[in-house]
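Reading through the structure tokens given below for one structure.
Structure follows, in structure tokens:
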């Protein structure tokens, strides 16, 4: 239905809408009943859309990674008309493709005692008790269907000689439940979802828009009813209306400039939704991966992750003496010449029972600590050794090659160094973001009609994600959760509830998008988008990275607005809008990162505890471990935008744990 | 090190393009090839000019976005390596490097080094899938797959769809790409019901897109960053022949 009140003052309208919602109550809509029955009961209670009516509904899906592609394909199969958008030249290139390790599922094919309950338990514990129990339980329940679905699509999972599926173990679990396809599980699962998507495209149920970037969401009468998109080849700005909008736009790791994300990954879609009234949850929960290849210089454009399986056999060390470390950094001494007594295998020393296999956050923080002490072994000052000499001595070079050959090759390609002869150098890097748009049990944000799935939402991983769980969540949301839950919203709101793109709400948003592009192109300053991005990334990494403290975060909150101000005064973007213009694309994304970074720091500052990937230096045990504060902080922080230059409002959704007992993690 | 670049610049598919020369100064051997281009682009922007447009995304050799011919060889000629994983230590001070887009009728240039590969999309939409609806599938272990078949399917499935095979081929043939896709699914038991239809539709679509024919020179295999074997082309030809016979009989 068309809007009733149409005003030609777009900004005022947006502000008015948000301020009206200031008493917003976040209802997670978690169904009643025992945890194992919630999803079945809920599915039964969800309203259905009559099959004959499904073709009268339009759904927009933004993003074509595991979550987006699986959702678009599944919605198309159900009969909805889907429009899917991605910035890449093919949906198959979304960054899900880069996941190496595997996908978890509670199949219990190994007969080792796995169950949906155990996967649920491990995930809640691994998330350091900051995720929602009901969502995680559902994730564990549907995990088994994902493997069936992918196998039926022809995903060439690793198999045993008997022809059945193989499994491997992964961090944070004592059962073997990870399915994999060589070192490229992400690519194979994405190709599976992409093939289903292609089928729907060929059937005319999904209209695919590649090289198309969503620049804003359109809200009509408080409901998300469309998006405004820039064609990245021609610069054309177009409006698209729908009955519902699904954001499957991934994470925001690139706010740090350097991360393991792809170059194009950005926060724009989620952040624009936030500015239109959707709450952003737990933005400060970011995951740092300990085994990445260190930065080699200022030219660095991204970081490369190596599977953490390397820590099964590699030993992490730095010299005990920082004078020796300095000599290594200057190239005066070689690592192999340093006697064992002069080496500090710091993880083995501090965590005798877990050793090099402590969780990601612990391994990362300790690497930072020894580097901060001046004991780094690479010239940038940011790197420690991961040494396979003992493993080679113990089991021979061939066995090491069989296990890790592809990783050693990749390492050599990038660094030029042979890790069979010299220890690898590694350093932690930003890898995944647990925070995201706030969603209820139906994966709908507080803005009716706006859904967020995959890494773009916040709900399943708490403050820390376990390995091989990102692929699981993306596909769970896209194949098995959203296709049901979106039906409820559509059925409730009816077929007529789709405005025309001629509605003033659409033209207003388009005007704003165009005026912003014009501004970016006409500042005519001195600095490139990359230079601003790099500077922001450094502030974020130093002050809101692996370890955070009040002073640093407050400093970042002073620095970021200054940098943002300079951006809008001194940016240089050559070229025009009406053509392929990569500087312009980047400038728009950096502009949003410059606002979003501030929100992250604000969130990190208010969370006066350490949990999962969020380590506040003021809150640690005497042994230097993360110290949670369950009494005061077992909540989801959900931020509501209150208008330009206004401080966003913090809403708290309390987390209640009926099933899992909260304990302090210990890996000593 | 200091290098000279000769880079193909072209505003769009309609305009004629040409080579422009750039200096790449103070290049560190630790840079990746694309980071070297980033550095050059920063200087170009500082001069108020438009930077060299090129595609890249994951920069770890798996998304298949990056696509450029370096000194006459797609991805630069380091075996099993995409342009984004090629590093400057393989070049020497004073080198002149020639950089061009993929060249093929079926890959029109969007701008500079960026080409339109939607022809690959249409080939896959024509039949590169197994028709299963979400949820309507048997238990994953209900269909055992011999490990050898699954491993071979995986060899084919590694294709990242970058298009280097087309760029290297004197006929601009897409046979290695299509062969990898057809072989992957036809090797799996799940892919059998649509085996005939798939081979037929995908090969026909490939021909319609204007890709050339295969004369088995093997340049595609030589430049493939995932080292997809030429054997798969033989397999696809067999699949297509089989499909033709089946069609003829029905």
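Protein chains in written order, with our numbering: chain A, 9 to 676; chain B, 78 to 327.
Quick reminder that beta carbons are idealized off the backbone N, C-alpha and C, glycines included.
None of these values were measured; they are calculated from a predicted model.
What would DSSP say about residue 220/B, mapped onto helix, strand or coil? By one-based count along the second chain, residue 220/B stands at place 143. Of the three classes helix, strand and coil, the one that applies to residue 220/B here is coil, per DSSP.
For residue 283/A, which three-state DSSP category applies? Walking along the first chain from the start, residue 283/A turns up at place 275. Three-state DSSP puts residue 283/A in a helix.
What does a CB cutoff of less than 7 Å around residue 51/A pick up in its chain, not counting 5 residues either side in sequence? Position 43 of the first chain, counted from the start, is the residue given in the question as residue 51/A. Excluding residues within five positions, the ones whose Cβ falls inside 7 Å are 492.
Output needed in chain order: residues of the segment 293-310 of chain A with a Cβ under 8 Å from some Cβ in chain B. Result list: 304, 305, 307, 308, 309, 310.
Below-8 Å beta-carbon distance, residue 262/B vs any chain A residue: On the second chain, residue 262/B is found 185 positions in, with the first residue counted as 1. At least one CB atom of chain A sits nearer than 8 Å to the CB of residue 262/B.
Quick one: is residue 159/A near chain B, going by C-beta distance under 8 Å? Taking the first chain and counting its residues from 1, the one referred to as residue 159/A is at position 151. Residue contact check for residue 159/A against chain B: a CB pair falls below 8 Å.
Extent of the continuous alpha helix (DSSP H) to which residue 6/A belongs: Any answer about residue 6/A is impossible in this case: the structure gives chain A only from 9 up to 676.
Smallest Cα separation from residue 355/A: which of 339/A, 346/A, 343/A, 372/A? Within the first chain, the letter at position 347 stands for residue 355/A. Looking at the Cα atoms, 372/A is the closest of the given residues.
Let me see if you follow: with CB-CB separation under 8 Å, is residue 168/A close to chain B or not? Counting from one through the first chain, the residue named residue 168/A turns up at place 160. Interface flag for residue 168/A against chain B is set, since a Cβ pair is found closer than 8 Å.
Let me see if you follow: with CB-CB separation under 8 Å, is residue 436/A close to chain B or not? Stepping through the first chain from its first residue, residue 436/A is reached at position 428. No - not a single Cβ of chain B is within 8 Å of the one on residue 436/A.
By the DSSP assignment, the beta strand (DSSP E) with residue 644/A in it spans what residues? For the purposes of this step, residue 644/A is identified with residue 636 of the first chain, where counting begins at 1. Unbroken beta strand (DSSP E) run through residue 644/A: 643-648.
Is the separation between the beta-carbon of residue 323/A and that of residue 395/A shorter than 8 Å? Start at 1 with the first residue of the first chain, and residue 323/A comes out as number 315. Start at 1 with the first residue of the first chain, and residue 395/A comes out as number 387. Yes, Cβ-Cβ distance for residue 323/A and residue 395/A is below 8 Å.
Does any residue of chain A have a CB that is nearer than 8 Å to the CB of residue 79/B? If you number the second chain from 1, residue 79/B lands on position 2. So, not an interface residue.
Identify, in the order they occur along the chain, each residue of the same chain with its Cβ nearer than 7 Å to the Cβ of residue 176/A, setting aside the five sequence neighbours on each side. Indexing the first chain from 1 puts residue 176/A at position 168. If the five residues before and after residue 176/A are omitted, its C-beta is found closer than 7 Å to the C-beta atoms of 110, 184, 186, 188, all from its own chain and listed in chain order.
Does residue 396/A come out as helix, strand or coil in the three-state DSSP assignment? Stepping through the first chain from its first residue, residue 396/A is reached at position 388. Per DSSP, reduced to three states, the secondary structure at residue 396/A is coil, with no helix or strand assignment.
Closer than 7 Å, Cβ to any Cβ of chain B: which residues of the segment 189-200 of chain A, in chain order? Of all residues in the segment 189-200 of chain A, 189, 190, 192, 195, 196, 199 have a Cβ within less than 7 Å of some Cβ in chain B.
Contact residues within the segment 168-187 of chain B, judged by C-beta distance below 7 Å to chain A: Answer set for the segment 168-187 of chain B: 187.
With a threshold of 8 Å between beta-carbons, can residue 135/B be considered close to chain A, or not? The residue you call residue 135/B lines up with position 58 of the second chain. So yes, residue 135/B belongs to the interface.
Suppose the cutoff is 8 Å on Cβ atoms and the five residues either side in sequence are ignored; what does the same chain contact list for residue 281/B look like? As a first step, residue 281/B must be located in the second chain, where it is residue number 204. Within the same chain, and ignoring the five residues on either side of residue 281/B in sequence, the residues whose Cβ sits closer than 8 Å to its Cβ are 203.
6 Å Cβ shell around residue 376/A - same chain, five flanking residues per side excluded: Here residue 376/A refers to the residue found at position 368 when the first chain is read from its first residue. Hits under 6 Å: 554.
Distance, residue 113/A Cα to residue 262/A Cα: Locating residue 262/A in the first chain gives position 254, where the first residue counts as 1. Locating residue 113/A in the first chain gives position 105, where the first residue counts as 1. C-alpha separation (whole angstroms): 29 Å.
Residue-level contact to chain A via CB, residue 227/B, 8 Å cutoff: In the second chain, residue 227/B corresponds to position 150, counting from 1. Residue contact with chain A for residue 227/B: present (Cβ-Cβ distance below 8 Å to some residue of chain A).
Cβ of residue 287/B within 8 Å of any chain A Cβ: In the second chain, residue 287/B corresponds to position 210, counting from 1. Closer than 8 Å: no.
Find the nearest neighbour of residue 330/A within the set 321/A, 320/A, 341/A, judged by alpha-carbon distance. In the first chain, counting from the first residue as 1, residue 330/A sits at position 322. The option with the nearest alpha carbon to residue 330/A is 341/A.
Taking Cβ positions only, does residue 281/B come closer than 8 Å to chain A? Position 204 of the second chain, counting from 1, holds the residue named residue 281/B. Taking Cβ atoms only, chain A never reaches closer than 8 Å to residue 281/B, which makes this a no.
Can you pull the chain B neighbours of residue 241/A, defined as C-beta to C-beta under 7 Å? The residue labelled residue 241/A in the question sits at position 233 within the first chain. Contact annotation for residue 241/A against chain B: 187 [CB-CB distance below 7 Å, chain order].
Nearest by alpha-carbon distance to residue 50/B: which of 308/A, 211/A, 294/A, 124/A is it? Residue 50/B cannot be examined here, being either before or after the span of chain B that is shown, 78 to 327.
Would you please state the rounded distance, in angstroms, between the beta carbons of residue 607/A and residue 464/A? I believe it to be under 8 Å. Working through the first chain from its first residue, we reach residue 607/A at position 599. Working through the first chain from its first residue, we reach residue 464/A at position 456. Taking a contact as a CB-CB distance under 8 Å, the pair residue 607/A and residue 464/A does not count as one, their CB atoms being some 15 Å apart.
Mind listing the chain B neighbours of residue 85/A? Cutoff is C-beta to C-beta under 8 Å, in chain order. Within the first chain, residue 85/A is the residue found at index 77, counting from 1. Think of a sphere of 8 Å around the beta carbon of residue 85/A: the chain B residues whose beta carbon falls inside it are 210, 211, in chain order.
Chain B residues whose Cβ lies nearer than 8 Å to that of residue 173/A: Within the first chain, numbered from 1, the residue matching residue 173/A stands at position 165. Within chain B, the residues near residue 173/A are 217, 218.
Let me confirm a value: residue 80/B is counted as buried when at least 16 other C-beta atoms fall within 10 Å, else exposed. Which label applies? What you label residue 80/B is simply residue 3 of the second chain in a count that begins at 1. Note on residue 80/B: 16 or more other CB atoms within 10 angstroms of its CB, so buried under the neighbour-count rule.
Identify whether residue 99/A lies in helix, strand or coil by the three-state DSSP scheme. On the first chain, position 91 is the one that residue 99/A refers to. In the three-state DSSP reduction, residue 99/A falls in the helix class (H, G or I).
Closer than 8 Å, CB to CB, is residue 297/B near chain A or not? By one-based count along the second chain, residue 297/B stands at place 220. Taking Cβ atoms only, chain A never reaches closer than 8 Å to residue 297/B, which makes this a no.
Hey, does residue 569/A have any beta-carbon neighbour from chain B nearer than 8 Å? Here residue 569/A corresponds to residue number 561 of the first chain, with the count starting at 1. The Cβ of residue 569/A sits no closer than 8 Å to any Cβ of chain B.
Thinking residue 90/A and residue 77/A are a contact (beta carbons under 8 Å), I'd like their distance in whole angstroms, please. The residue you call residue 90/A lines up with position 82 of the first chain. The residue you call residue 77/A lines up with position 69 of the first chain. Contact between residue 90/A and residue 77/A is absent: CB atoms are separated by about 11 Å, not below the 8 Å threshold.
Starting from the beta carbon of residue 588/A, find every residue of chain B whose beta carbon is closer than 8 Å, and list them in chain order. In the first chain, the residue the question calls residue 588/A occupies position 580. Neighbourhood of residue 588/A in chain B, by CB distance below 8 Å: 89, 130, 187, 188, 191, in chain order.
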